[in-house]
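Trainee:
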Amino acid sequence: MIIKRRFKMKYEVTKELETGNVLIDSEHRQLFQMVNNLQDACAQGKGRAQIESSVKFLMDYVKKHFNDEESLQKQYKYPGYDAHHKFHQGYMTQIDNAGKELLSKDADIASLAEVNRLIGILISHIRTEDKKIASHIHAIDGK
Numbered sequence: 001m002i003i004k005r006r007f008k009m010k011y012e013v014t015k016e017l018e019t020g021n022v023l024i025d026s027e028h029r030q031l032f033q034m035v036n037n038l039q040d041a042c043a044q045g046k047g048r049a050q051i052e053s054s055v056k057f058l059m060d061y062v063k064k065h066f067n068d069e070e071s072l073q074k075q076y077k078y079p080g081y082d083a084h085h086k087f088h089q090g091y092m093t094q095i096d097n098a099g100k101e102l103l104s105k106d107a108d109i110a111s112l113a114e115v116n117r118l119i120g121i122l123i124s125h126i127r128t129e130d131k132k133i134a135s136h137i138h139a140i141d142g143k
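Residues 1 to 143 in the UniProt record's numbering are what the sequence shown lists, from first letter to last.
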């Protein structure tokens with residue numbers, strides 16, 4: 001059973017969340033768009049196939065984004081790489097679990113709430129940790 005929501009919460013990369021790094025910011029925008037698409041599909045009672053493809057894309061894109069971020073960290077010898085990598089590993093596990101839960105329960109309220117909780121964690125991570133990476137890169141590149 002797919003639950004239709006009466007409200008819409010849209011995620012977006014605001015000025016507060018911009019890191020100033022073109023790659024990181026564009027990937028954050030794409031991640032948020034995928035979450036928005038997933039929530040819209042659930043809210044509109046879209047078919048299971050669309051929800052499955054949105055969940056799979058989101059899970060895959062999180063992995064791609066984290067790999068891109070970590071490549072930048074290695075390239076610029078970011079001193080906080082180990083802690084950042086550890087966060088990424090744990091977060092990917094949580095996203096994978098939430099995606100599986102969402103699919104197994106046909107997008108029920110609890111599984112959607114878990115996705116929202118995880119996006120809240122990501123937003124906090126962007127505000128602090130990703131901005132540190134971008135500042136480090138900027139200090140080296142001057143861009």
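A virtual CB, placed ideally from N, CA and C, is assigned to each residue, including glycine.
#1: Apply the 10 Å Cβ neighbour rule to asparagine 60 and answer buried if 16 or more other Cβ atoms are within range, or exposed otherwise.
#2: Beta carbon of alanine 43: closer than 7 Å to some heavy atom of the ligand COA?
#3: Using CA atoms only, rank isn't needed, just tell me which of Thr128, Gly99, Arg127, Ser104 is closest to asparagine 116.
#4: Indicate the three-state DSSP secondary structure (helix, strand or coil) for glutamine 44 in the structure shown.
#5: Near isoleucine 119, what residues of its chain come up, given a Cβ to Cβ distance below 7 Å and the 5 sequence neighbours on each side ignored?
#6: Looking only at C-alpha atoms, which of Pro79, Ala110, Ser124, Gln73 sits nearest to tyrosine 91?
#7: Using the C-alpha atoms, what's the distance from aspartate 130 back to isoleucine 137?
#8: Mapping the DSSP letters down to three states, classify glycine 80 as helix, strand or coil.
#9: Between asparagine 21 and the rest of its own chain, which residues show a CB-CB distance below 7 Å, the 5 nearest in sequence each way excluded?
#10: Measuring only the C-alpha atoms, how far is glycine 80 from arginine 127?
#11: Please tell me whether leucine 122 and serine 111 are closer than 8 Å, where the distance is taken between their beta carbons.
#12: Is it true that the CB of histidine 84 sits closer than 8 Å to the CB of glutamine 73?
#13: To the nearest angstrom, how far is the alpha carbon of threonine 14 from that of valine 55?
#14: Using beta-carbon positions only, say whether leucine 38 and histidine 65 come within less than 8 Å of one another.
#15: Which residues bound the alpha helix (DSSP H) around leucine 112?
Mentor: If we stick to the structure as given:
#1: Correcting the residue type first, residue 60 is aspartate in the shown sequence and not asparagine. With fewer than 16 other Cβ atoms within 10 Å, it is exposed.
#2: The ligand COA is not part of this structure, which contains no ligands at all.
#3: If you compare the alpha carbons of Thr128, Gly99, Arg127, Ser104 with that of asparagine 116, the shortest gap goes to Gly99.
#4: Glutamine 44: coil per DSSP, three-state reduction.
#5: Here the set comprises Tyr11, Val35.
#6: Nearest of Pro79, Ala110, Ser124, Gln73 to tyrosine 91, Cα basis: Ser124.
#7: One C-alpha to the other measures close to 11 Å.
#8: Coil, per DSSP.
#9: Counting only Cβ-Cβ distances below 7 Å, and skipping sequence neighbours, we find Ala134, Ile137.
#10: Looking at the two C-alpha atoms, the distance is approximately 15 Å.
#11: Cβ atoms of leucine 122 and serine 111: not closer than 8 Å.
#12: Yes.
#13: Roughly 24 Å between the two C-alpha positions.
#14: Going by C-beta atoms, leucine 38 is not nearer than 8 Å to histidine 65.
#15: For leucine 112, the enclosing alpha helix (DSSP H) begins and ends at 109-125.
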